[in-house]
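Numbering (the numbering used here), first residue to last: 1 to 79. The structure appears below as structure tokens.
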């Protein structure tokens with residue numbers, strides 16, 4: 001049961017981030033957008049792993065990596 005909550009929460013976060021970005025409420029170069037994507041991808045990757053959905057795990061691991069690289073770049077720019 002908890003694994004489904006994790007997966008659906010991750011999916012919701014990614015969709016919410018995209019909706020907020022598309023409506024101009026978030027900036028793609030902002031920390032909130034990137035954190036929402038990283039957390040969402042983590043939730044979906046955990047759910048995919050639990051269900052043996054390795055293509056989903058792979059996709060979300062890459063998605064998470066992109067978000068983490070973006071966050072690292074944002075941190076460097078602020079320093």
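All C-beta atoms, glycine included, are put in the ideal place defined by N, C-alpha and C.
Cβ neighbours of residue 63 in the same chain (closer than 7 Å, five flanking residues each side left out): Locating residue 63 in the chain shown gives position 63, counting from the first residue. Result list for residue 63: 37 and 41, in chain order.
Whole alpha helix (DSSP H) elements within the stretch 25–57, 4-residue minimum: If we require 4 residues or more, the alpha helix (DSSP H) runs fully inside the stretch 25–57 come out as 31–50.
Selected residue, minimal CA-CA separation from residue 18, among 68, 45 and 33: Along the chain shown, read from residue 1 onward, the residue named residue 18 stands at position 18. Comparing Cα-Cα distances from residue 18 to each of 68, 45 and 33, the minimum goes to 33.
Residues of its chain near residue 47, where Cβ-Cβ distance is below 6 Å and the 5 sequence neighbours each way are ignored: Against the chain shown, residue 47 aligns to sequence position 47. Excluding residues up to 5 positions away in sequence, 3, 6 and 7 lie with their Cβ nearer than 6 Å to the Cβ of residue 47 in the same chain.
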